[in-house]
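Novice:
2 protein chains.
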Amino acid sequence: MRLTLVAALLMGACSLVAAQAADTAAEAVAGRILAAGLVRLGAYGMLEQLAARAPHRLSGSAGADSAVALARSFMLERGFSNVHLERVTVPRWVRGKVEKAYLHIRGGGKRMPLAVCALGGSIATPKGGVTADVVEVHSLDEVQKLGVTAAGKIIFYNRPMDPRLLNTFQAYEGAVDQRSRGAIEAAKVGAVAVLVRSMTLAIDSVPHTGAMGYVDGVKKIPAAAISTRDAGVLSALVARGARPRVTLMLSAKTLPDAVSANVVGEITGETSPRDVIVIGGHLDAWDKGTGANDDGAGCVQAIEALDILRTLGLKPKRTIRAVMFMNEENGLRGGRAYPLDSLRRAETHVAMLESDAGGFAPRGFYVDADSTVRARIARWIPALEHAGAGRFFPGRSAADISPMVAAGIPGFGLNPENQRYFDYHHSDRDTPEKVNPRELELGAVAEAILAWLVSEEGI
Amino acid sequence: MRLTLVAALLMGACSLVAAQAADTAAEAVAGRILAAGLVRLGAYGMLEQLAARAPHRLSGSAGADSAVALARSFMLERGFSNVHLERVTVPRWVRGKVEKAYLHIRGGGKRMPLAVCALGGSIATPKGGVTADVVEVHSLDEVQKLGVTAAGKIIFYNRPMDPRLLNTFQAYEGAVDQRSRGAIEAAKVGAVAVLVRSMTLAIDSVPHTGAMGYVDGVKKIPAAAISTRDAGVLSALVARGARPRVTLMLSAKTLPDAVSANVVGEITGETSPRDVIVIGGHLDAWDKGTGANDDGAGCVQAIEALDILRTLGLKPKRTIRAVMFMNEENGLRGGRAYPLDSLRRAETHVAMLESDAGGFAPRGFYVDADSTVRARIARWIPALEHAGAGRFFPGRSAADISPMVAAGIPGFGLNPENQRYFDYHHSDRDTPEKVNPRELELGAVAEAILAWLVSEEGI
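Read top to bottom, the protein sequences are chains D and W.
So for the first sequence, the working numbering puts the first residue at 1; every next one is plus one.
So for the second sequence, the working numbering puts the first residue at 1001; every next one is plus one.
1) What does residue 1439 of chain W touch in chain D if you count any residue whose Cβ is under 7 Å from its own?
2) What did DSSP end up calling residue 56 of chain D once you bin it into helix, strand or coil?
3) Which residues in chain W sit within 7 Å of residue 361 of chain D, going by Cβ to Cβ distance?
4) Using three-state DSSP, classify residue 285 of chain D as helix, strand or coil.
5) When the Cβ atoms of the region 110-127 of chain D are set against those of the region 291-301 of chain D, are three or more pairs found closer than 8 Å?
6) At a cut-off of 7 Å, is residue 1320 of chain W close to the ligand NAD when judged by its beta-carbon and the heavy atoms of the ligand?
7) Could you check whether the region 411-427 of chain D touches the region 23-32 of chain D, counting it as contact only if at least three pairs of C-beta atoms, one from each stretch, sit closer than 8 Å?
8) For the region 202-228 of chain D, which residues have a beta carbon sitting closer than 7 Å to at least one beta carbon of chain W?
9) Is it buried or exposed for residue 1296 of chain W, if we count other Cβ within 10 angstroms and need 16 for buried?
10) What residues from chain W crowd round residue 432 of chain D, counting only those whose CB sits closer than 8 Å?
11) Give the range of the alpha helix (DSSP H) segment to which residue 423 of chain D is assigned.
12) From the beta carbon of residue 1005 of chain W, is the nearest beta carbon of chain D less than 8 Å away?
13) Please classify residue 1003 of chain W as buried or exposed, where buried requires at least 16 neighbouring CB atoms within 10 angstroms.
14) Near residue 399 of chain D, what residues of its chain come up, given a Cβ to Cβ distance below 7 Å and the 5 sequence neighbours on each side ignored?
15) Could you check the C-alpha separation between residue 1405 of chain W and residue 1339 of chain W for me, to the nearest Å?
16) Using the Cβ count rule (16 or more neighbours within 10 Å means buried), how would you classify residue 1352 of chain W?
17) Does any CB atom of chain D fall closer than 8 Å to the CB of residue 1197 of chain W?
18) Can you pull the DSSP bridge partners for residue 1436 of chain W?
19) Let's see if you can read the secondary structure: which residues bound the alpha helix (DSSP H) around residue 381 of chain D?
20) Any Cβ of chain W within less than 8 Å of the Cβ of residue 358 of chain D?
21) So residue 1039 of chain W contacts chain D; which residues on that side make the cut at Cβ distance below 8 Å?
22) Would residue 305 of chain D pass as an interface residue toward chain W - the criterion being a Cβ-Cβ separation below 8 Å?
23) Just to confirm, is the Cβ distance from residue 1502 of chain W to residue 1260 of chain W under 8 Å?
24) Work out the CA separation of residue 1115 of chain W and residue 305 of chain D for me, nearest whole Å.
25) So, helix, strand or coil for residue 98 of chain D, using DSSP?
26) Using 8 Å as the limit for Cβ to Cβ distance, is residue 386 of chain D near chain W?
27) Helix, strand or coil for residue 1262 of chain W, going by three-state DSSP, please let me know.
28) Name the chain W residues whose beta carbon is nearer than 7 Å to that of residue 35 of chain D?
29) Distance cutoff 8 Å, beta carbons only. Does residue 1330 of chain W sit that close to anything in chain D?
30) Bridge partners for residue 1081 of chain W per DSSP, in chain order?
31) In terms of DSSP beta bridges, what is residue 1253 of chain W paired with?
32) Ignoring anything shorter than 4 residues or poking outside the region 323-372 of chain D, list the alpha helix (DSSP H) runs there in chain order.
33) If you measure between the beta carbons of residue 1455 of chain W and residue 1277 of chain W, is that distance less than 8 Å?
34) Where do the ends of the alpha helix (DSSP H) carrying residue 1297 of chain W lie?
35) Near residue 62 of chain D, which residues of its chain fall below 8 Å by C-beta distance, leaving aside the five closest residues on each side in sequence?
36) With DSSP as the reference, label residue 1293 of chain W as helix, strand or coil.
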C-alpha cells in the first residue's frame, strides 16, 4: 500500500499548483450536484426496487431479464435519450436446488451440516453426492506437491484473506486463486471435489459464491465455498490429527448460452454529441442475497448521476452515458461486447467511469490513465472533495470498462471505503439494508461531478 | 466545507516536502501497529463487553459504576501502569419509567401514540401529563416572535438537520440549538412543553435523546424528542390547517450529584515519564441503546491503542495514557476535573487525543493546534495513511479534552467517516452491531500510531 499512497499524495500535490488558479466554476457546479443528490437520495430508491423486483439476476436468468427491463424503464422514466439495449450473448449457469454438505462424525454415524454453496461454474456432484476424506491445503502449490496422495480426496483450500492488509481488495486478490483455479489444480492430482474457504474477512456461517473455472484437458470436479466458521471446524479437526470425512451434494449445471443485453441511455452532448463519457455498473449479480453492493449500487449510481445533472438543467457539451453491463460476474461478455457494437463506430470515447466496489462512502477514484491525464485531472480535486471523493489512486479502474481502458481510454473506478465490502460480497448478506442511502448517493454525486468536468473541460 | 477541505489539502501539501526526507522508521512502526491491530481486533471484544455489562451508563447511574469498574479491569488485565480512578462529582438525571405521548384525533376521541423520549435534563410533566395544542416552529427566533400566542401551547421544533451538508456534524450543529435551548425560549413565551425533532438525518420511528438546559429565572418546562417520522405526521397536520393536540407524559427527574470517576491507566515513558500523551474517550453514555458509537468506541480504542503498543514491546519515551472521561454527555465534569487533579502538578502534557465521533473507518484527525505544530506533524501523514487516517483537518478536537486544549495543549480528534453516525446517535439504535470490528480497530491503530510518533519525536 505504501507506494500507492505516496503516489496518491503526490498526485494530490500536483493538484495544488493547478488549484491555486481555483476552478470556481467547477466547485460551484459540484456544490449544486452535491446538494441536489443529498436531498433526492434517488439512488437508494432504485436499489430497493432492483433488489425487490430482480433479486437474483445472474446472466441468462429470468431475473436478469427483469433487471434489463427495469433498468431500461428507470432510464425511460427519467427522460434519458437514446435508451436502448445492446445485444450480448451470455453464459448461463444455474445453481439448481441442491447444495449441501455434511461432516461425518466418526463412530456414531452422526453427521454435522456444513454451510456451503456451489461456486459459479461448478458442475454437479453425482446424485448421491461425493463422499471423501478431506485434505486441507493453503495454496495451489501445496496441491501440486500432494501428488497421488490427493487421489480420491476432497481438497479443502483454507488460506484466509490476509487480515493485516488495510485494502480488503488486496486481501481478496491474494486469496481468490484458490476459488478461481482450485478445482483445476485439485483435479490434476486426482481429487474428486474441492471446498474453498469463503472469500471474506468475517468469521460467520455464510458461504460466499463467486466464479471458478475449468480448463480443457483437465477433469471437471465439483467446487463449493464453505463458510469461514465451518472452515474453522474442519481445520480444527485436521489440526487435532483427525481426517474429516465429508459428503458434498451439488446440482449445479451449465445450460446453453442465452441472449441478454447491456442497457444504455444518455444525456446527449450539446456541442459534441459523438464524444462520450460512460458511467457504468454491472447489472448481473450472483444468485445470493440481492447483489445490493455488487453491483446494484454501481448501476443505480450511474442512472442517478445522469438524473441529477438532468434535473439541475445542466446540459453537457459531450454525451454522458449510463451503461448497465451484463455478465461481469461470470464472463465479462457485456464489457467485451460494448466496444464491438456497431454503434461505437461513429463515437469517440473520452473517459470510462465505473462503480463496482460497493455502495459505501466514496474516497476517490482509481485512475487508469497516463501521466498527462493524471496531471490534468488533479485540478478537479477540490470539486470532487465536495463529495468526499477527491483522492486519485493509481490502479485498475473496473472490470466492465477494462476492454475500453485497455484500448487507451482513460478509466476511473470509484473507490469507496472498503472495510465492509467482503462481509457481504457474493453472499446472502448482500442486501440493501447494508447500504446507507447517503453513502450510496455520494458515489453517484462523485460520478456526476467527474463526468460533468470531463464533459465540459475535456481530459 | 470548502475552506476546510482546501486547508486540509494544503496541510497535506506541506507534508510532502517533509516526506521527501522519508520517515522510514515511523512508517515501519506504523506498519507493525496496523498488522497487529487487524489481526487482534481487540477493540471490538471490549466494546461487546461494555455494551453487555454496562449498557446504560449515564453519569451517576449504577451502569456508570459498572462501566468504571469494567474499564479499570480492562486496564489491569492488560498490565497497564498506574491504573487508578480520579474522583469526579457528576450530575445525576434519571429518565424514570414513563415517557410517552399521543396525538388526539379530533372527533372520535381516538389517539395515536407518538415516538418520544425525554431530553436529558428535562423535568417531569405533572402525573396526568401535559395536554395542549401544538405550534410548529423552525427556530428559536420564531418562538420569540410568537409572543403571547404561544401561551399554554406545546412548541414543536421541527427544523431538520440540513441534508445538503456532506459533514453530518455540521448539520447537527446547525440544528441542535432547538434541543439545547428550545425549552428556555418556549417557556419565555408561556409554552407548557416542547417537542423537538430528533437530531438525525434518517426518517424513522426512533427518538434521539441528548442534553437540554434551563436557565435561572425562566420557568422549567418538560422537553422531549420526537422521532422524525412522527415529526412528519405532526407537520403534515399543521400544513393541512389542523391544530394537532398532543398529550406528553414524562417522569424524568434530577437527583443530587453523585460521586464517580475518570478511569486512568498508562504505559509509563522510558525517558520522560512525566511528559504525557493522553488518548481519551468518554465512558458515560445516554441511557438509550448501549452507547456503542457514543462513545464506547472511543473508550475501547484508547485502551486497545495502548495494548497494541504494549504487546509489540514498543516502549515509548514519553508516557502514553488512556483516560476514560466521565460525564461528557450532560456536564463535562470529567473533562473539567482532569486538568485540576493534583496528580497533574507533576506532569507536562504534550498532546491530547480523543475519539468521540463513532467507531467508523478513520480518515484522519481534527487538529486544534498552532501552525508550528501543524507544520511539524505533517511529516507523519505517510505513517498515518497505513491506517487510512493521514488527513489533518483544522477544527475542534473533542469535548473532554477541550479544557486541556484551551490551555494550549495540542488537541487531536479522530475523524472517522460520519455519514451513519447520527442514524444511531443517542438512540436505541446505537449498539455494537452497527460497528464493524475492522473499522473500529483502525481508529485504535491510528491513535496508537499518532501517540507513538508524538512520544518518540515530540511535537
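Heads up, the beta-carbon is just placed ideally off N, CA and C, and yes, glycines get one too.
Specialist: Judging by the given coordinates:
1) Position 439 of the second sequence, counted from the start, is the residue given in the question as residue 1439 of chain W. The contacting residues are 419.
2) Working through the first sequence from its first residue, we reach residue 56 of chain D at position 56. Of the three classes helix, strand and coil, the one that applies to residue 56 of chain D here is coil, per DSSP.
3) Here residue 361 of chain D refers to the residue found at position 361 of the first sequence. In chain order: 1417, 1419.
4) Taking the first residue of the first sequence as 1, we reach residue 285 of chain D at position 285. Note: residue 285 of chain D maps to coil in three-state DSSP.
5) no
6) Of the ligands one can find in the structure shown there are none, so the ligand NAD has no counterpart to examine.
7) no
8) none
9) Position 296 of the second sequence, counting from 1, holds the residue named residue 1296 of chain W. Result: buried.
10) In the first sequence, the residue the question calls residue 432 of chain D occupies position 432. None at all; the shortest Cβ gap to chain W is about 14 Å.
11) Position 423 of the first sequence, counted from the first residue, corresponds to residue 423 of chain D. It spans 421-424 - the alpha helix (DSSP H) in which residue 423 of chain D sits, taken as one unbroken run.
12) In the second sequence, residue 1005 of chain W corresponds to position 5, counting from 1. Because the pLDDT at residue 1005 of chain W is just 43, under 50, the model does not fix this residue reliably, and the value given afterwards should be weighed accordingly. Output row for residue 1005 of chain W: interface = yes.
13) Here residue 1003 of chain W is taken as the residue at index 3 of the second sequence, counted from 1. Residue placement at residue 1003 of chain W is flagged as unreliable, the pLDDT there being 39, under the threshold of 50; a coordinate-derived value is accordingly withheld.
14) Your numbering for residue 399 of chain D matches position 399 in the first sequence. Around residue 399 of chain D: 328, 332, 335, 356.
15) In the second sequence, counting from the first residue as 1, residue 1405 of chain W sits at position 405. In the second sequence, counting from the first residue as 1, residue 1339 of chain W sits at position 339. Looking at the two C-alpha atoms, the distance is approximately 10 Å.
16) In the second sequence, counting from the first residue as 1, residue 1352 of chain W sits at position 352. That one is buried.
17) Position 197 of the second sequence, counted from the first residue, corresponds to residue 1197 of chain W. By this cut-off, residue 1197 of chain W is not an interface position.
18) Residue numbering aside, residue 1436 of chain W sits at position 436 when the second sequence is read from its first letter. For residue 1436 of chain W, which the question treats as bridged, DSSP gives no partner whatsoever.
19) Locating residue 381 of chain D in the first sequence gives position 381, counting from the first residue. 381-384 is the extent of the alpha helix (DSSP H) around residue 381 of chain D.
20) Position 358 of the first sequence, counted from the start, is the residue given in the question as residue 358 of chain D. So, not an interface residue.
21) Residue mapping note: residue 1039 of chain W aligns to position 39 of the second sequence, counting from 1. Those are 163, 164, listed as they occur along chain D.
22) Within the first sequence, residue 305 of chain D is the residue found at index 305, counting from 1. Taking Cβ atoms only, chain W never reaches closer than 8 Å to residue 305 of chain D, which makes this a no.
23) The displayed coordinates of chain W run from 1001 to 1459. Any statement about residue 1502 of chain W would go beyond what the structure contains.
24) Along the first sequence, one-based indexing puts residue 305 of chain D at 305. Along the second sequence, one-based indexing puts residue 1115 of chain W at 115. Their Cα atoms are separated by approximately 35 Å.
25) Translated into positions along the first sequence, residue 98 of chain D becomes position 98. Note: residue 98 of chain D maps to coil in three-state DSSP.
26) Counted from its first residue, the first sequence places residue 386 of chain D at position 386. Chain W, which has a Cβ nearer than 8 Å to the Cβ of residue 386 of chain D, makes this yes.
27) Here residue 1262 of chain W refers to the residue found at position 262 of the second sequence. Of the three classes helix, strand and coil, the one that applies to residue 1262 of chain W here is strand, per DSSP.
28) Here the question's residue 35 of chain D lines up with position 35 in the first sequence. Chain W residues near residue 35 of chain D: 1164.
29) In the second sequence, residue 1330 of chain W corresponds to position 330, counting from 1. So, not an interface residue.
30) Against the second sequence, residue 1081 of chain W aligns to sequence position 81. DSSP, once it has assigned bridges, lists W:1266 as partnering residue 1081 of chain W.
31) As a working mapping, residue 1253 of chain W is identified with position 253 in the second sequence. Beta-bridge pairing links residue 1253 of chain W to W:1094.
32) 333-337
33) Along the second sequence, read from residue 1 onward, the residue named residue 1455 of chain W stands at position 455. Along the second sequence, read from residue 1 onward, the residue named residue 1277 of chain W stands at position 277. Their beta carbons are under 8 Å apart, which means residue 1455 of chain W touches residue 1277 of chain W by this criterion.
34) As a first step, residue 1297 of chain W must be located in the second sequence, where it is residue number 297. First-last of the alpha helix (DSSP H) with residue 1297 of chain W: 1297-1311.
35) On the first sequence, residue 62 of chain D is found 62 positions in, with the first residue counted as 1. Cβ neighbours of residue 62 of chain D beyond the five flanking positions: none.
36) By one-based count along the second sequence, residue 1293 of chain W stands at place 293. DSSP places residue 1293 of chain W in helix when its eight states are reduced to three.
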